[in-house]
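Worksheet: one structure, shown below.
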Amino acid sequence: MLSVTPIPALSDNYIWHLEKDGEHWVVDPGEAEPVYDALQDKALNGILITHHHFDHTGGIKALHNHYGCPVLGPESIKGVTNPIAGGDTFLLLGLPIEVWDIPGHTLDHLALILKEESPDGNVQPHLFCGDTLFAAGCGRIFEGTPKQMLHSLQELTTLPKHTLVYCAHEYTLGNLHFAHTVEPGNSAISERLVQSQTLRQAGRATLPSTIAKELATNPFLRCQIAEVAQSGAHHLGRDTYEHLDEVEIFASLRDWKDHF
Ligand SMILES: [Zn+2]
Numbered sequence: 015m016l017s018v019t020p021i022p023a024l025s026d027n028y029i030w031h032l033e034k035d036g037e038h039w040v041v042d043p044g045e046a047e048p049v050y051d052a053l054q055d056k057a058l059n060g061i062l063i064t065h066h067h068f069d070h071t072g073g074i075k076a077l078h079n080h081y082g083c084p085v086l087g088p089e090s091i092k093g094v095t096n097p098i099a100g101g102d103t104f105l106l107l108g109l110p111i112e113v114w115d116i117p118g119h120t121l122d123h124l125a126l127i128l129k130e131e132s133p134d135g136n137v138q139p140h141l142f143c144g145d146t147l148f149a150a151g152c153g154r155i156f157e158g159t160p161k162q163m164l165h166s167l168q169e170l171t172t173l174p175k176h177t178l179v180y181c182a183h184e185y186t187l188g189n190l191h192f193a194h195t196v197e198p199g200n201s202a203i204s205e206r207l208v209q210s211q212t213l214r215q216a217g218r219a220t221l222p223s224t225i226a227k228e229l230a231t232n233p234f235l236r237c238q239i240a241e242v243a244q245s246g247a248h249h250l251g252r253d254t255y256e257h258l259d260e261v262e263i264f265a266s267l268r269d270w271k272d273h274f
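Per the numbering used here, the very first residue in the sequence shown carries number 15; after that it's consecutive.
If you want it as structure tokens, here you go:
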């Protein structure tokens, strides 16, 4: 049985800790100390990296030196010992994992999809999406284009609806406030806001999410919904979304959220 738990790091990052049969991996260690604290005397077997930003890679050197473990990630990142790229498939923790290219936030950004099969034959996918897909939001577009980012997000939504989504930041409450502003008529957003506030008040993570929850509440995945498109058009100073395409609506929402 695979267990996945968040290790809070820096101001609002999560380093995801994967454990199965006594083997331990972490995803995107922005710093090393919280990983030492979480593992205590247990050994780290490996590190996975989604993209090059320092809050995802800052702990690589110390952890690699301490544990001597492999570091899997984009080839361009310093400290990566085993480069991986979109299209790769291999076994991790005895489970099949797929690597997808999802450029937009950065050009080197990878998605990691681990597939866990239960004894009854059902498959539970686990998606590690770094800073591309957030609960009710998406990452800023630092290196790619809005078209690339939207395409990457849409690729992720082709995963099964029950896929567990492990985002790299606790941004959920802020994202839901924005989502509610964009789409005030969507009751799933208000309900998720109440549930997420309860979790945060109890000191718990609002993650993992699922693809189903994101399709229902994430404005960046709902640009084709009339109310979302109308809000996007309004942000551009337009009366109607009629002559805007999906990428223009998406870009408008992303720009709006950058200044929200
Ligand atoms: Zn980032």
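Even for Gly, the Cβ is constructed at its ideal location relative to N, Cα and C. Remember, predicted model here, so these are calculated numbers, not experimental data.
Residue i: first and last residue of the uninterrupted alpha helix (DSSP H) it sits in
| i | result |
| --- | --- |
| aspartate 115 | Where aspartate 115 is concerned, there is no enclosing alpha helix (DSSP H), although the beta strand (DSSP E) it sits in stretches over 109-115. |
| isoleucine 225 | 225-231 |
| phenylalanine 68 | 68-71 |
| glycine 188 | 186-196 |
| glycine 246 | 240-249 |
| glutamine 209 | 201-215 |
| glutamate 130 | Note, glutamate 130: premise wrong, no alpha helix (DSSP H); beta strand (DSSP E) at 124-131. |
| glutamate 169 | 160-170 |
Three-way DSSP call (helix, strand, coil) for residue i in this model
| i | result |
| --- | --- |
| serine 271 | Strictly speaking, residue 271 in this sequence is lysine, with serine absent from that position. In the structure shown, lysine 271 sits in a helix (DSSP, three-state: H, G or I). |
| isoleucine 98 | coil |
| asparagine 27 | strand |
| isoleucine 61 | strand |
| glutamine 138 | strand |
| tyrosine 255 | coil |
| lysine 92 | coil |
| glutamate 157 | coil |
| glutamate 260 | helix |
8 Å contact criterion, which residue i and residue j should meet: CB distance rounded
| i | j | result |
| --- | --- | --- |
| valine 85 | isoleucine 98 | Contact doesn't hold; Cβ gap of about 10 Å is too wide. |
| glycine 144 | histidine 165 | With a Cβ gap of about 16 Å, glycine 144 and histidine 165 do not count as contacting. |
Boundaries (first-last residue) of the beta strand (DSSP E) holding residue i
| i | result |
| --- | --- |
| proline 20 | 17-23 |
| leucine 86 | 85-87 |
| histidine 80 | Looking at the DSSP string, histidine 80 is not in any beta strand (DSSP E); the run it does join, the alpha helix (DSSP H), is 74-81. |
| glutamate 37 | 37-41 |
Exposure label - residue i; buried when at least 16 CB within 10 Å
| i | result |
| --- | --- |
| valine 137 | exposed |
| serine 201 | exposed |
| threonine 212 | exposed |
| proline 133 | exposed |
| threonine 19 | exposed |
Inter-stretch contact (C-beta, 8 Å, three-pair minimum) for the region 105-123 and the region 153-165: Yes, since at least three Cβ pairs between the region 105-123 and the region 153-165 fall closer than 8 Å, the two stretches touch.
Touching by the beta-carbon criterion (3+ pairs, under 8 Å), the region 23-40 and the region 172-187: Here the region 23-40 lies against the region 172-187, with 3 or more beta-carbon pairs under 8 Å apart.
Given 8 Å, three or more beta-carbon pairs between the region 242-249 and the region 40-48: Counting Cβ pairs under 8 Å, fewer than three are found: no touch.
The region 55-70 touching the region 31-43, judged by at least three CB pairs closer than 8 Å: Segments in contact, yes.
Stretch pair the region 205-219 + the region 253-260: three plus CB contacts closer than 8 Å: Not touching, per the Cβ criterion.
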